[in-house]
Every structure is written in structure tokens, then in C-alpha cells.
Ligand SMILES: Nc1ncnc2c1ncn2[C@@H]1O[C@H](COP(=O)(O)OP(=O)(O)OP(=O)(O)O)[C@@H](O)[C@H]1O
Ligand SMILES: [Mg+2]
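Protein chains in written order, with my numbering: chain Y, 1 to 511; chain V, 512 to 886.
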């Protein structure tokens, strides 16, 4: 064979995968050239993660063939994938917090019973990788002490250390701050220069445009198109994904805010380690208004939401609902739900759902005392199932199977289950954290419309998001948090990303 | 992360445990062969001894009763994310409760005295479960450590009480309970109906055990409380979000768990011994851990696992009698191997089960295609 036609680094041919009635991958074909960054986009549940799991050996395909460098390969476990030079960076990092970076990197590849030789080798190798790819990280730092962006870098180092030539990243930026995401893309470009191949799954089309060479679109288990990035555009991709035109901007009626519904006064919150996370924050949210809280993740937004929702005791300050200050006894999640304050938590898997439960049980979380679920001590399964089935239809949750285990829904569909649960309970005040994290474009449009509809119906909405675009397009007022304080308030029409970025960087607090 | 292996529910509940039991028996068979006995004869003796006669079945079900209670106790706590290994201690203290009622409230008629005795056992067992639960929930003392300590405390407490306070002078047991405090034997009931039945320790506590299993099932999978308990066990931060107090559920689950362990005292003392004596729990509480593990913390699974251990206990006793080279300890070893296989090495058998299921569905699908083509 002549050297002119180099075989693709990865070739997937007619890959099939079923989960019960769901065809997660339906005769999927994909060819990825060596030394390129290849994007994969698609709606929630389109089958992207499944396809990558097959490539990485987590699942075995029901049919089809995988070729690595043109040679048919049998990948039955991640160990097989690693042997073939395929590495994966998991969205939920597989790192041991209490170990150092170098220890984490060599974990499972210690090379012998005694550690010192392996350690020395790992160190040398890490230095080389750092020099080659600009992947600097302090190899002796404890992983638990590193920010998320650096933890992800450790995951990438781990894959490279194991000899990965092909790197799979499944929604890597969902957990990153914008500067961290930028740094990641810089890194992906250097990896490409070095001849590595990158497979990147993301819901953010601007990321696809910024960093990929080619992009494939999946829809309902099928591969519907593969395009040169330079020859396409976000609207075209969105339309291919969803199968219809998508409005990337939301329209909303002019503000008609009413009575203050939620009033927070001088609220201070400390975390488990007694660190002050929220410092003397005050604001109000009125009926029919969306107040957005912008800020880099980890600047107290989570603790603020949890304190308002009764999951954490504030150390100082008051919270009033409809003008009535909540007493200590009244300020419980249970009672707040009764009073109409509902909460879509930012971390759906850790807080908003119980992954091990069937969906219909997760969909009742927080509302099990509803008599509609049965009277007396017992819950009536049939009613819970029917209730969720209705909502699944209304929210287009896929697959619409209330009995499926919660963890088996794709991320976006899990989010819809949480949103449906809270929104359908006719909130007076709704606290929403990161409503569109990991959610596809079509669903973002849907969720944004729902939130606007709630606002127009007179609900007071507090929206916390690290997506500036989301805040800018939804909020009627924007508060910026940094270092636990509110560093500024803006109207969306009177600000821009630069202005907000400065406030987020902290005019007064830590940078 | 391990490879997620998804199995149909029937395979999860039946095939995987069946495979691990089969493997455990194979290993045990090798051991038996190793000491020069014939494993097939041993198996035959084991089965014949436990299930081959009415008397054997009686004994088997009597053991099963104990294991159902202690297995349920472990299973219930497990749903709240707790590893209750204090079944021995809880049952011991429950025995004290049952004995106090049966000895000092025997002026009550039987229809009241027996339920009162059962409640006494449940209440005392519950108390002995509650305290470690409280310490875990409010003080963060680890439940495994505290329940072990409470086993020792209970063992000491019962010695003190029986020897110094409520026991007969000179012996390590109390006087016998009044006749109307005794839960009737099944063979007596059968004989009263004119059916000849050999004597065995099986008594009507067995039905109570089955009822308890049904109750635990309804509680865990169908009730609001059970939902709260499972939420705490599966995802504590989701529980806080939902307004469920993990601390409270931990205490509730441990209290109920202790009460269930108390069933062992009911069976042993009110059903068989008819007095309070030392060490009546004889390790059944620990076997409960194995039973719950093997039964995957599901009440139906617990019943089957309890039956299996009942067979092992009864059949093992017969086996030790017929084949002196095999001691009763060896039978315990089989139990241990089952636990090892059912618990620790479960992944192995899941993989095997997945292959079998895939083969099976492939076979069925192929046959369907063939019939379709032919038809
Ligand atoms: N283990 C499983 N068991 C049953 N169904 C599953 C399982 N894993 C995935 N699915 C289903 O397969 C389909 C494809 O899921 P997948 O996770 O690949 O989607 P995705 O494209 O990655 O979506 P998202 O963007 O939301 O992450 C979905 O309908 C999902 O519910
Ligand atoms: Mg996915």
C-alpha cells in the first residue's frame, strides 16, 4: 500500500447498539483522520456517549466493526482500548483526591511491586509531556486541592501517559469556567500539532467552530452528517441536530414585575470547613421577574442557593417570602415547597435525582407527601408512573419510560425530568441552578421558553448560571457574584460580556 | 470505573445468586474431595438430611426462621446505607425484653401475653439498634464500630442479668416461662388436627418471619418512609434537598433493624427454649449478614438465602454425623465461600450471567427468525 492514503486513525463501521427498546446507535459510521480534532454534536440521547463508550470498551456493540489505523480491532474493555492507544477523559473524573498528581497518573500502571522506580519514571515522563504539550501542572500537588480545570488536565495526562494517540473527551467543558475552557482548547490544538487525534463531544456549537476540523452530527441514534467545520455554521448544525430550525435567541415580553416575592437580607453562609462562602448578600426578586446571578463557578452561588432553599443554615441574615421573614423552623426544604419556593439544583446527579432509583421515583423526590401519589403511609406506584408518563410526554423526555433507571437517561433528559418535577408544581418562587448544563440546543430553547413563560405568568425566578449568554438573554436584572459578595448589578441591555467579566473577576474580592 | 453490566431483573435476582451458589458448592466439593470423601455423597447426605424427611424440613425451617429475621435486619439497615453487624447484640437484648414480659407479666392470658412478649423483644431489640443509630446520626460514630461494641455490651449485660438478677440460683438460665407464654410448635398443632408429625423445633414464629418479610418489602418499596430511607441510603445529598433528614432516617432504620433482629429471640426463647439462657443467639446474627448480602437486601431474596442457610445448617449437622471427617465447621466454610462469591466476587458472576443471557437471547432470536422463515 502506498503511503499516500493513510488510513483513518479511527473508523467505526455500521455500529449498532440497543438498550432494550432503545436504539442508541443505529448503523453508525464515523471516520476520523489522524492529527485532527473531530467534533460530535447531537441532541440529548442522540447516542454520542454510547458511541464513545463502545469505542472505549465500556459497552460492546451489538454489531459493526471498529478499525484502528485501518486494522479491524476487537475492543471489549477499556484495557483493550488503552492498548490500542485510545484514551478517554471522563466527565466525572476518575481521580483519587488524596493522592498526588504523579501518583494518580501512574495508578494502575505502576510498573512493578516497588513504587520508587515507577515514580521516577512517571516523573520523567510527566516532565517530558509537560514540555511537549505545554501541560504544566505541579506533579506533587494533592489532586483534591486542584481546581477542576487542572484535575481535568491530570486526566488528560493520565491518558497520554498510558500512550494514548486518540483522546476522547465527552463534554469536557461542562464543568469548566470560561478561562479554563479556553486553556483546554489551547491544549487540544497543541495535541493536534503533535499528531494526536481528538474526539470532542460538546453541546456548545461555538466550541465546535473554534477548535474542530470536522464535525459529525448525530440524531436519534443515527449519524446524519459529517461536515468540514470551515464549511458549516452553528445554525446549520443546530438544524441538522434537531431536524428543524432552532431559535438561538429568546424573545420575551417587556418586564411587568410585581410584588417582591423573595427578599434576601444580609445573608452570610459558611461551608463545612467554616469558610465564609456568602458574605452579607442582599437582593430581592419580584413576581414576574428573572434575576440572574452571574459569576465564575465556586464564588458562593451554590451555597447561596442552598441557603435559600433551606438545605444549609445561614449564619447571619434573613430570607423573606412574600414579605414574611422565615423563622428557623419554617425554613426547611419541606416547608418551603409547601409555600411555593421550588428549587432546580445545579447538580442534578448529586442532588436533584437519585441515580439508582427508577425515574418515576426520582420524579417524586421532595413531593412524596403529595396525596396524588396515594393516601396514608403507602405510595401508589401506578399513580407515580402515570404522573411521570404524562410529564415525559409534555417535556419530550427520551426514552419516555418511567420505569427506566434514572442513571440510564442521558444528561439532558435527566435535566428535563428535574425541571418537569419542579415547574409542574406551580412555583411562586423558582430557584434554578445551571438549568442547561450539558443540555442540547433544542432542549435549551425549550427550557428557556419554559422559564420565560413562568416569568410571564408571574413567578419570581432566581437564575444562577455560569453561562453569560444564558444570563444575558433571560435575566431582567443581573447580579454578579465574586468571592461570596455581590460585586455589581446591571440591566442586560446596559451591559456586555466584558463589563460582566470585570465584575466577575472581582472589583473588590479575591480575583 | 468498572464496566457497567446490565442484566434483566430476573437474571439479576435469580441467575447471579444461583451461579455464585453453584460455584461455592463446586469449591466446597473440591475441599471435600481433598479430605478423601466423595463430594456427591456428601451433597446427597446434605440434601437428604435437610429436605429428605418431614423432621429434617422442620429443623431446616426452624433455622430458616432465625435467618430470615437476622437477614431482614441487615437488609433494612442496608437500604439506609448502614452496615448493621449488631444483630447478635440486638437479638440478645431482645431476649431480655421477651423474658421480662414472659416471666413477670404472666398474669396476662395467652392471647395477650404472646403478643406482649413479641413486642417486648421488638422494643428491646429496637432500643439496642437505636442507640448506635443515634450515635451515628448525631455524633458521627461509625455504625460498624458501635454495633460491634454493642454486641459485647449485650453479651455482658445478659450474663449479669441472668446470673445476678433474674436467673435461677446456680444455673445460667432463668426459670421456664409459663406454658401460655409459649409459641406453639407446628408439630403440636398438626397432631391436634390428627396429623402425625415428628417432633421438631419449628414453631409458629416461622409465619411471623414470613409476615415480617412481607412487611419489610412493603415498607421499603411501597411506603413513604421506605422511600425516605432508600433515598438517604442511595444519595444523602438528594435526601437533604428533598427535605428528608438523613440523621432521622438513620435512627429510624436502625431502630426497625434492631426490632427485626429481635425476631431471633422470639423464635429461640418463646418458641423453643421457653426460658432465657446465655448465648442463645449462637452466631445467627452474623449469618444474617451473609443472608442479606446473598439475598441482595431484597426480602424475597432474604427468604431464599435464609432457606439455603437453613439447609446448610440442618444438612450440615446430619452430614457431620454421617461423615465424621466433615465437621460442622466445614459447612460453615461453605457458607463463607458462598458469601465470598455472592458478595465480593459478584462482578465475576455478573459477567458470566451477562454472557449466558446474551447467548440465550441470541438463541431465542435465531429461533424466532428460523420459525418466521419456515412459517
Ligand atoms: N445503560 C443504559 N441502559 C439503557 N438505556 C441507555 C443506557 N445508556 C444509554 N441509554 C439510552 O441510550 C440513548 C443514548 O444515550 P447517550 O448517553 O449515548 O446519549 P448522548 O448523546 O450522550 O446524550 P447527552 O447529550 O444527553 O449526554 C438514550 O436514549 C439513553 O437513555
Ligand atoms: Mg452523553
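Just so it is clear, CB atoms sit at the ideal spot from N, CA and C, and this is done for glycine as well.
Sequence-distant residues of its chain with Cβ nearer than 7 angstroms to residue 217 (chain Y) (five each side left out)
These residues qualify, in order along the chain: 41, 42, 224, 225, 237, 240, 241.
Count the other CB atoms, across all protein chains shown, that sit within 10 Å of the CB of residue 551 (chain V); report buried if there are 16 or more and exposed otherwise.
Per the 10 Å Cβ criterion, exposed.
Which stretch, first to last residue, makes up the beta strand (DSSP E) that contains residue 518 (chain V)?
Residue 518 (chain V) -> no beta strand (DSSP E), and no H or E assigned at all.
So, under 8 angstroms CB-CB, residue 176 (chain Y) and residue 196 (chain Y) are touching, yes? Tell me the CB distance rounded to an integer number of Å.
Going by Cβ atoms, the distance from residue 176 (chain Y) to residue 196 (chain Y) rounds to 20 angstroms, so no, they are not a contact pair.
Have a look at the DSSP bridge pairing and note the partners of residue 283 (chain Y).
According to DSSP, which records beta bridges pairwise, residue 283 (chain Y) is partnered with Y:264.
For a cutoff of 8 angstroms on Cβ pairs, would you count residue 736 (chain V) as touching chain Y?
So, interface residue.
If you measure beta-carbon to beta-carbon, which residues of the stretch 743-760 of chain V are closer than 7 angstroms to chain Y?
Correct list: 745, 746, 748, 749, 751, 752, 753, 754.
Cβ of residue 861 (chain V) within 7 angstroms of any heavy atom in ligand 1?
Residue 861 (chain V) Cβ: outside cutoff for every heavy atom of ligand 1.
Rounded to whole angstroms, what is the Cα-Cα separation between residue 430 (chain Y) and residue 234 (chain Y)?
The straight-line gap separating the alpha-carbon atoms of residue 430 (chain Y) and residue 234 (chain Y) is approximately 31 angstroms.
Neighbouring residues, chain Y, relative to residue 733 (chain V) (Cβ below 8 angstroms):
378, 379, 381, listed in chain order.
Buried or exposed (CB count within 10 angstroms, at least 16 for buried), residue 275 (chain Y):
Counting Cβ neighbours within 10 Å, residue 275 (chain Y) comes out exposed, since fewer than 16 surround it.
In the structure shown, what three-state DSSP assignment does residue 224 (chain Y) receive?
Of the three classes helix, strand and coil, the one that applies to residue 224 (chain Y) here is strand, per DSSP.
Under a CB-based cut-off of 8 angstroms, is residue 461 (chain Y) close to chain V?
Not one chain V Cβ lies under 8 angstroms of residue 461 (chain Y).
Mind listing which residues of the stretch 300-313 of chain Y have their C-beta closer than 8 angstroms to chain V's C-betas, in chain order?
Within the stretch 300-313 of chain Y, the residues whose Cβ lies closer than 8 angstroms to any Cβ of chain V are, in chain order, 309, 310, 311.
Can you grab the Cα-Cα spacing for the pair residue 25 (chain Y) / residue 16 (chain Y), in whole Å?
Rounded to the nearest angstrom, the two C-alpha atoms are 5 angstroms apart.
Going by CA-CA distance only, name the one from V:603, V:620, V:686, V:544 that's closest to residue 658 (chain V).
With distances taken between Cα atoms, residue 658 (chain V) lies closest to V:603.
Can you pull the chain V residues whose beta carbon is under 8 angstroms from the beta carbon of residue 331 (chain Y), in chain order?
Within chain V, not a single residue places a beta-carbon under 8 angstroms from that of residue 331 (chain Y); the smallest gap is close to 11 angstroms.
So what does residue 19 (chain Y) bridge to, in DSSP terms?
Beta-bridge analysis with DSSP links residue 19 (chain Y) to Y:22.
Please state the DSSP three-state secondary structure of residue 294 (chain Y).
The DSSP-derived three-state label of residue 294 (chain Y) is strand.
Residues near ligand 4, criterion Cβ-heavy atom distance below 7 angstroms
For the structure depicted, ligand 4 is absent and the ligand set comprises only ligand 1 and ligand 2.
Which same chain residues, not among the five before or five after residue 221 (chain Y), have their C-beta less than 6 angstroms away from its C-beta?
These residues qualify, in order along the chain: 23, 24, 25, 26, 47.
Confirm, please, whether the CB-CB distance from residue 694 (chain V) to residue 800 (chain V) is below 8 angstroms.
No Cβ-Cβ contact shorter than 8 angstroms links residue 800 (chain V) with residue 694 (chain V).
How would you write the range of the alpha helix (DSSP H) that residue 568 (chain V) sits in, first residue to last?
From DSSP, the alpha helix (DSSP H) with residue 568 (chain V) extends over 565-590.
Given 8 angstroms as the limit, is there contact between the stretch 743-762 of chain V and the stretch 614-623 of chain V, that is, 3 or more CB pairs closer than that?
With the cut-off at 8 angstroms, the stretch 743-762 of chain V and the stretch 614-623 of chain V do not touch.
Confirm the yes/no value for this check: CB of residue 46 (chain Y), any heavy atom of ligand 1, distance under 7 angstroms.
Placement of the Cβ of residue 46 (chain Y) at a distance of less than 7 angstroms from at least one heavy atom of ligand 1 is found.
May I have the straight-line CA-CA distance separating residue 68 (chain Y) from residue 28 (chain Y), to the nearest angstrom?
When only Cα atoms are considered, residue 68 (chain Y) and residue 28 (chain Y) end up about 16 angstroms apart.
For ligand 1, any of its heavy atoms closer than 7 angstroms to the Cβ of residue 26 (chain Y)?
Checking every heavy atom of ligand 1 against the Cβ of residue 26 (chain Y), none is found closer than 7 angstroms.
For residue 809 (chain V), is the classification buried or exposed, using 16 other Cβ atoms within 10 angstroms of its Cβ as the cut-off for buried?
It is buried - the Cβ of residue 809 (chain V) has at least 16 other Cβ atoms within 10 Å.
Tell me which residues of the stretch 339-366 of chain Y have at least one Cβ-Cβ distance to chain V shorter than 9 angstroms, keeping chain order.
Residues 343, 345, 347, 349, 350, 351, 352, 353, 354, 355, 356, 357, 361, 362, 364, 365, 366.
Measuring CB to CB, does residue 635 (chain V) end up less than 8 angstroms from residue 774 (chain V)?
No, the Cβ-Cβ distance between residue 635 (chain V) and residue 774 (chain V) is not below 8 angstroms.
DSSP-derived helix/strand/coil call for residue 684 (chain V):
Reduced to three states, the DSSP call for residue 684 (chain V) is strand.
If you run the structure through DSSP and keep just helix, strand and coil, what is residue 77 (chain Y)?
Residue 77 (chain Y) sits in coil when the DSSP states are folded into three classes, being neither helix nor strand.
Just the C-alpha distance for residue 514 (chain V) and residue 76 (chain Y), rounded to the nearest angstrom, thanks.
Here the model assigns residue 514 (chain V) a pLDDT of 43, short of 50, so the residue's position is not dependable, and the following value carries that caveat. Roughly 10 angstroms between the two C-alpha positions.
Supposed close pair residue 512 (chain Y), residue 297 (chain Y) - CB separation, criterion 8 angstroms:
Outside the shown range of chain Y (1 to 511) lies residue 512 (chain Y), about which nothing can therefore be said.
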